[in-house]
Each structure stands twice: as structure tokens, then as C-alpha cells.
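Everything on this sheet refers to the single structure shown next.
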Amino acid sequence: MSNHLLNLNLRVWRQSGPNDEGSFKTYRLSGVSTHMSFLEMLDVLNEQLIVQGEEPVAFDHDCREGICGMCSLMINGQAHGPDNATTTCQLHMRRFSDGDTVTIEPWRASAFPVLRDLVVDRSAFDRIIAAGGFVSVNTGNAPDGNSILVPGVRQEVAMDGAACIGCGACVAACKNASAMLFVSAKVSQLAVLPQGHPERNARVLNMVAQMDKEGFGSCTNTSECEAACPAEVSVSHIARLNREYLRASILAEN
Amino acid sequence: MVRVASDTLNSRVPDGPLQQKWDKHRFDLKLVNPANKRKFTVIVVGTGLAGGSAAASMAELGYNVKAFCFQDSPRRAHSIAAQGGINAAKNYQNDGDSVWRLFYDTLKGGDYRAREANVHRLAQVSTSIIDQCVSQGVPFAREYGGTLANRSFGGAQVSRTFYCRGQTGQQLLLGAYQAMMRQVGTGKVKLFARREMLELIVVDGVARGIVVRNLTTGQLETHTADAVVLCTGGYGNVYYLSTMAKGCNVTAAWRCARKGALFANPCYTQIHPTCIPVSGDYQSKLTLMSESLRNDGRVWVPMAKGDKRSPDQIPDAERDYYLERRYPSFGNLAPRDISSRAAKERCDAGNGVGDSGLAVFLDFRDAIKRDGEDVIRKKYGNLFHMYNKITAEDPYKQPMRIFPAVHYTMGGLWVDYNLMSNVPGLYVLGEANFSDHGANRLGASALMQGLSDGYFVLPYTIGDHLATTKLDKIRDDHPACMQAMQEAQNRINKLIAVQGKRSVDSFHRELGLLMWDQCGMARNRKGLTEAIDRIRGLRDEYWRDVRVLGSGTTLNQSLEKAGRVADFMEFAELLATDALHREESCGGHFREEYQTEEGEAARNDADFSYVGAWEYRGTEQEPILHKEPLVFENVKPSTRSYK
């Protein structure tokens, strides 16, 4: 692939802290290589800002290979930008054209308050997992791995859900800021595996209760979450979550 | 001349036959009775495989745990990026594996520079790790009948690697994270995310707490405890470009080194053979293509120098499958250090491919022809997808271009058999310690070590310290706490006060390039001596000319990076010093002066069969070398051969 250089107008959300109102600021950036990743483009912007004496744009990122789930940008109104099944860090500038205006915002959801610029607080997800997204097995309790047989097909379904990277794009993409795709991915993984069965009812009830408590919106099945998900988690997991929830509501003793 | 301490280090490896050491030791360790465990608090820094598993397991035992990570969530730790798999001596494939074979492969893979007893314990514990993870719901790959699947990995001739597609690290980490979050729910673990450790608090010679910066508010916080467990990963980002996450750093370990903890074998760095090559000077990190790809991919370069034909136009007779040629019995699955050097050798000879000539092909043509595209997609789909995202090339149609990159660091803080550093009460787990991989780590062994240390070693050994040490309650206003807090604050003030002209990243890039050129895949006396001078010069310039905007009392990512790079600037010199002093080639440490006629590493057991643990004494004084002699009672070190 040949390398081209782009000149871009960047409209970037700047907000000095959680209590600041925040606003867009426009920057011109020239000579952006089409081989750069989106975050490398922001690195270049930040180097330019530092030279000019302006504080660089804060944004979350870590592994830069699409698996840690830390990067989280709304790019031209799309969570993680225009590519399917792609995190912001794996988006490359070859997807943009010379002269483009690119609008960059943080995730927008009341359950994900902005901390600074493009950085948001996603600790609500951790609290949902703490409410039930686990199998209660203390270290040392485990029987031999092969004593628990899991048919390959079922295994694949579990892995599809387990692939969630917890980035929050599903929430950002949803008009209701619902966290159903995130919650369902974990509920579904552990519901289809035999290891998850003893706590199956309590898990789904507790996780959904925590999700509601955190202030996420309701799911209206518009599937924007699936379209935005970089790990390609399917809304069929939401369907399973709903079945699990109904089942647990009827059957649960706890 | 290196200043060498007169005493040798005591590894506290128990006596007795190798197979019984761990069992016997577990019996000899003092216990804390169940009711008393709740009286102790343990700090765990880092929440990757080692930290997450340690925090969860200790909380399950009843200890109070405070867990810290610099990311926004403990689930982001870079263990998550490990792709290929985790080794365990289950012998599920009936192909002749055993605890002894895994022990032997790992010790040999480490070029006989690891501690024998630690490696054997690792192999023993490996089987329990798989059981534990399966029980947690980690979705390991399965056969149709429902049993666990395995694949093979570099440096081994048996299939003992368990995997979850190409996301094994992610799934194992989420297992440990979920176990830890369960304990957060019960209140036994208190979680502190977006906190960075800046100082170790030592009271009367014993580690008793840490100072952290709250990265959201900028506030410094003191946390005291009865023991501190460091699980903060490796130092590969001293090279700037590596496969590590951007945030990975040496700061927590280095702060401990400055408080007296010995830093062992820093020159043992792993250069992984299969990474996506650098594309431009804006490059911010390198991406690994899992070693598992070498199960089906064949590595080659054109036989003719500078052959610029498209790979599909180059007939087989004009291709050099150099790993298969040089190492016929291991072929494309030769260990990482050997495969990386072989790639460098071909590129240096002018046979490299791509625009820069710094790449070789990893070709799936034959595997796709043999198994079909669907089978390959099922095994490696996410890796092929990632490659395509980054390069805009389709590896189903044309070979991948790959090149070696810094990937893992075998060196780390020195620990004894209990995983305790020479500072009592300071434990070091996972990649952050030095103990199990010697001079080279085999594939699928990092995950094994992290989880072994956290689930199955520390929970036993820490009790011995807690049960036998007098640990008075420490308050936040203890002079040692106040002093550590002041040191951290002074450092922040000093960084902001420089008000120079150059960004932190520009310094970091310069340091990284210098380290890669002179202390990377091949090293020599002249280059290392020069590197040490240049590092000192760059460090001086850093403190004169770095520009950190903003204040210390808000979220300030430049300031976070500035502190980490300042520590890399000191640490880099120690790494180069260690590499200079070790006048032999072993594993990932290749000194050009010490090689065989065939270009293989020439180890010097007579003079260098020891762990080199450095006592850091500041930038103005030479560090002191402490030696731990390596004793091989069960395996006779031989010349490593994969031919």
C-alpha cells in the first residue's frame, strides 16, 4: 500500500476536568501519513501542541493492538470510527481523505463521566462484574480440567461472548446508553458453560440489578451496539440474557 | 572493572531431591492461622496475571488485600495481549510429556541461566493452573468430544500448549480479574485503579507500604500494609518500540531498586521473531504476530539478494527456508532467540524483504493448500485480521512480512525461592522478577509463570514472612511514610520545573533507538561502552530540557510519562552495564565477540554461571554486583542445540 500525506482539520473535545463544561477546539494537522494509526495521528498532534505550549489532548490507550479495551473515541459520531470490528487503536489513517474534518469526542453516557478531554470513567463495568460476573471457585478447589467436558460448539459460543474487551463502545453507540451487550456477553459465556451453572440464576439477577443501579439505559433492540463492537459480540447474547433473566426470575430462590 | 560483593546471595532453595523440594518446603513454611489472616493487609501492585491471581487467592485465604493498577480497570493489564497459549505438563496428547520434560525444556530454553528449583516448581504447578482456569470458565479450545485441545510451541517437541483462539492471555486474565472482582464484591480486596506507584515505604529495613499518585486527581496517597507484592511486569519499553503496552514501565521496580532491592540480569531481554515491521518514524509501538503462527507458517527469504519480485512470483527453488535449513529438527519452531537472530542474519546479509529490507516472509500458502482456508481462519482468524488492519495486506493471499521486536524481559528484581526480594516483605511476581526463564523464555511460559506465582506460590510463601516477622502498626505519619511521600512530591515538582523545549516522547524515542542499536539483538564491547556514555549524556539533557506542561494536581498524562522515562534513563544504564559485564552469549543476550563459527551463542559456564544481581547506588556511583551461583544438581548444562 502506498503512503500518502493528508491535511486534516481536527475538532477535538477539550475539557479540563470533570466539572468543566468542555467544548470543541479545532486544530489543523498536516503531513499525516496514511500508514499511521489513528492514535499515532493524535500523538503527532500532541507533539505539535507541546511545542506550541498548549497542554496535549488526554486520551485513554494502552496496548494499541485492539485487545485491552482502553482506547475509546467517538470519531465522526461513530464509536471507534468507521471500520467494522476495529478499535480506535487499530483504525488507520488510510480510511480518511485529504482535507477531511474529523470530529473526536469521548464516550457520551451519564454512567461514564468525563474525567478530562477524551478520558472517561468506566469503573461501572468493574462493579457490574463484581456483582456476579464470575464463577465462585477458590484457588485450589478445581478438579482435573478434562473432568469437565464442554462440546466444541458450545465452547465456541462461550468464547464469542468471552471475547468482549470491555471498552464500552456498545454503551457509547446506543441511543439509550444501555450496557446490555457488555452484560450479556459475560452472562452468556457463563450460562452456556457447565462451570457457570451453579450460580446461573443469581448471576444474571445481580448483574442486571447492578447495571440498572449504575444508570445505564434500557435496551430497545436497535443493535447499534453490535455494529460498533470491535470484538463482534452479537446481540444474540442479549437474547440469551433476556431468557436467562426471565428464567431466573421465575426459578430463583435467592 | 565491576565491583563485586564478597558474599554470594542465598536463594533459600530447600535441600532434598528436586521433586520433593516444593512439598517439603510447603510443610516447613510457617502458617498464619485462619482467624489471624484477617489481621494482615497485603498490597498488590499491578493486576495482570500475577497480580490478579495473587490478589484473588490471598483474599480467598482471608487476608485483606489492596490492589493497585495504573490503568482505568484491572482488566487492561498487558497480560491481556498474550496471544498464543499457556504450557502445562498434562500429557493429554499422550505424546510423552511430563513434569520433568517441561522442566527440562524450560531450563534448556533459558540457556541454563535460570534457577533449577524454581523452574521445576513451575513445571509441577503448571497442571493445577489449567484445572483452576477451566473451573473459572476460561473457554479453552476443545476437541469435538469436549476435551481440552493442545498445540505445539517453539522450543518443544510435544503439544502441551492450551489456548483460547489467539486470545489466551485475555481469557486467562479475565479469569483472574473475575476472581479478584468477586473478592472486591466481598470487600476483601480494595481496588485502586488509575494509581501509579511512585515510592516504596521501608520501615526498619522491611517493606511496609507504597506511595501512589492518583492519576485522576493528581493527589499523592500513602498506603501501608504488612507486605508489598510487586506484579508490575517487564521493562521492554526502555527500547521505546516494543510489543508492550504503551503504559508498561519500570518505575515501580526501579523505585524499589533505589530503595535497596537488587535488580537481576537486566541484560536478558527477549526479541520476538514474529512482529509486524516498523512502517515509519511516527511508529508508537510494534505488534506481535503470535508464535503459534509458526506451527503452520513457513519462514523464508528470497535466495537472491535484493530480489524485489512479488513473493508469489518467486518459485520454491529460489526461496531460502532458512530455519528449516539451519535447524531441521525444530524447523520453524526453533526458539525465539535463535529464530530472531537467524532473521537478523538474513537481513544483514541483504536478503531481507519489504521496502526497508528489514523483514522476512511468514508464509501460509502451503498450510492453506493442505488444510483449507477455513481451518487456518479458525486457528488464527483474529491474528490475520489484526495483520490486515495494520498493513492493509491480506495474509490469506500473500505472506506476512515479519521482523524481530522487543517482547519480554527475563531480567527483573532478584527474589529468593519464596519470591521475596532481598528487602524483607517485598515480594516480586511474574515478569517483574527474574527467576524462571533464565536468558531466554520459551513460548507459552510467561502466562504459566504469572499464574503459578500468583495462584500457587505466593499464597504459601507470604505466610512465612507474616508469621515470623514483628510487624508493628504503621501510621501514615510515620517518618518513613512522610519521607517517601516527600521524595515522590519533589520528583514531580522537579520534572515540571525543568520547563525545557523537548517533549518526553522525543527523549524516549531517542533512548529507545540508542538501546536497540547498541544493546539490542547483538551487542559488543565497543557499542555498549559507547551506549553507557550516550545514556548519561541523554539523561543530563533530559533533566535540562524536558517540557512537561500542566500541573501535578490534575490528570496529566505528560507528567505520568515523564516520571517513567526518567526512570528508564537510569535503568537503561544498568541494563547496558550488565550486558557489558557478561562476557558470553546466552539466550537473548548475544555478544558478537562470543559466538561459534556457525554464529550460535557461545556460553561461558566456567565464568558466568551465576545470576548477576545489581545493587544500585545512584547515578554518581558504580553499582555493586551480587552473585548467586547457579547450581545444577539434576541437569547437566550442555550446548543448546535445535538442529
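Protein chains in written order, with the numbering used here: chain A, 271 to 524; chain B, 53 to 695.
By construction, the Cβ of each residue, glycine as well, lies at the ideal position given by its N, Cα and C atoms.
If you're wondering where the values come from, they're calculated on a predicted model, not measured in any experiment.
Alpha carbon of residue i to alpha carbon of residue j, nearest angstrom
i, j, result
"K695/B", "K688/B", "19 Å"
"M537/B", "I520/A", "55 Å"
"E492/A", "I526/B", "In the sequence on display, residue 492/A carries Thr and not Glu. When rounded, the distance between both Cα atoms is 55 Å."
"A549/B", "V600/B", "8 Å"
"I676/B", "E625/B", "13 Å"
"S380/A", "F486/A", "8 Å"
"V94/B", "D368/B", "59 Å"
"E644/B", "Q570/B", "11 Å"
"L3/B", "I132/B", "This structure gives no information on residue 3/B, because the portion of chain B shown stretches from 53 to 695."
"Y291/B", "V405/A", "39 Å"
"Q184/B", "S58/B", "44 Å"
"S448/A", "N301/B", "35 Å"
"D67/B", "K73/B", "7 Å"
"S307/A", "A540/B", "34 Å"
"N524/A", "E469/A", "Any answer about N524/A is weak, because its pLDDT of 49 lies below 50 and its placement is not dependable; what the coordinates show is given next. If you take the alpha carbons of N524/A and E469/A, they lie about 10 Å apart."
"A444/B", "F455/B", "17 Å"
"A653/B", "E376/B", "19 Å"
"M340/A", "T357/A", "9 Å"
"Q450/B", "R417/B", "8 Å"
"V171/B", "S331/B", "38 Å"
Residue span of the beta strand (DSSP E) that contains residue i, given as start and end
i, result
"K160/B", "Not the beta strand (DSSP E): K160/B falls in the alpha helix (DSSP H), residues 151–161."
"C327/B", "321–327"
"G664/B", "662–667"
"W568/B", "No beta strand (DSSP E) holds W568/B; the alpha helix (DSSP H) holding it covers 556–571."
Any chain B beta carbon closer than 9 Å to residue i
i, result
"C440/A", "no"
"M477/A", "no"
"R470/A", "no"
"P421/A", "yes"
"S286/A", "yes"
"P352/A", "no"
"N273/A", "yes"
"H507/A", "no"
"V314/A", "yes"
Span of the alpha helix (DSSP H), counted from its first residue to its last, around residue i
i, result
"R588/B", "577–597"
"W304/B", "Sequence inspection shows Ala at residue 304/B; the Trp mentioned does not correspond to that position. Note, A304/B: alpha helix (DSSP H), 303–310."
"E514/A", "506–521"
"W624/B", "For the record, residue 624/B in the displayed sequence is Ala; it is not Trp. From DSSP, the alpha helix (DSSP H) with A624/B extends over 609–633."
"Y439/B", "425–443"
"Y78/B", "Just to set this straight, residue 78/B is Arg in the shown sequence, not Tyr. From DSSP, the alpha helix (DSSP H) with R78/B extends over 70–80."
"K260/A", "Within the shown structure, residues of chain A are numbered from 271 to 524, placing residue 260/A beyond reach of any answer."
"N279/A", "That residue, N279/A, is in no alpha helix (DSSP H); its beta strand (DSSP E) goes 275–284."
"T274/B", "Run containing T274/B: none in the alpha helix (DSSP H); it sits in the beta strand (DSSP E), 272–276."
"N542/B", "531–550"
"G103/B", "101–113"
Chain E contact for residue i (CB, 9 Å cutoff)
i, result
"H362/A", "Of the protein chains in the structure, A and B, none is chain E."
Any C-beta of chain A under 9 Å from that of residue i
i, result
"L282/B", "no"
"K298/B", "yes"
"V236/B", "yes"
"P451/B", "no"
"G148/B", "no"
"L626/B", "no"
"I442/B", "yes"
"S336/B", "yes"
"A245/B", "yes"
"T199/B", "yes"
"I323/B", "no"
"V687/B", "no"
Query raised in the report: Residues in the segment 168–195 of chain B with C-beta within 9 Å of chain A's C-beta atoms, listed in sequence order?
Result: Only those residues of the segment 168–195 of chain B whose C-beta falls short of 9 Å from the nearest C-beta of chain A are listed: T179, S180, I182, D183, Q184, C185, V186, S187, Q188, G189, V190, P191, F192, A193, R194, E195.
**Report entry** chain A contacts from the segment 222–235 of chain B (Cβ-Cβ distance under 8 Å)
**Finding:** Answer set for the segment 222–235 of chain B: Q222, Q223, L226, Y229, Q230, A231, M233, R234.
Query raised in the report: Of the residues that make up the segment 598–616 of chain B, which ones have a beta carbon closer than 7 Å to any beta carbon in chain A?
Result: Flagged, chain order: R599, L601, G602, T606, L607, Q609, S610.
Query raised in the report: Which residues, in chain order, does the segment 505–526 of chain B contribute to contact with chain A at a C-beta distance below 8 Å?
Result: So the close ones are Y507, F508, P511.
Query raised in the report: Counting pairs of beta carbons, one from the segment 120–131 of chain B and one from the segment 390–400 of chain A, are three or more of them closer than 8 Å?
Result: Because the criterion of three Cβ pairs below 8 Å is met, the segment 120–131 of chain B and the segment 390–400 of chain A touch.
Report task. Below 8 Å between beta carbons is the criterion; list the residues of the segment 112–126 of chain B that meet it against any residue of chain A, in chain order. Result -> Here the close residues are E112, Q123, D124, S125, P126.
Report task. Decide if the segment 248–262 of chain B is in contact with the segment 142–159 of chain B; the criterion is three or more beta carbon pairs, one per stretch, under 8 Å apart. Result -> Under the Cβ criterion (8 Å, minimum of three pairs), the segment 248–262 of chain B does not count as touching the segment 142–159 of chain B.
Query - Contact list for the segment 259–276 of chain B against chain A, Cβ threshold 8 Å - result: Going along the segment 259–276 of chain B in chain order, one finds T268 with a Cβ nearer than 8 Å to chain A.
Query raised in the report: For the segment 202–222 of chain B, which residues have a beta carbon sitting closer than 9 Å to at least one beta carbon of chain A?
Result: Answer in chain order: F214, C216, R217, Q219, G221, Q222.
**Report entry** Residues within the segment 405–432 of chain A neighbouring chain B, beta-carbon criterion of under 8 Å
**Finding:** For the segment 405–432 of chain A, which is checked against every Cβ of chain B, the residues closer than 8 Å are V405, S406, V407, N408, T409, G410, N411, A412, P413, D414, G415, N416, I418, L419, V420, P421, G422, Q425, A428, M429, A432.
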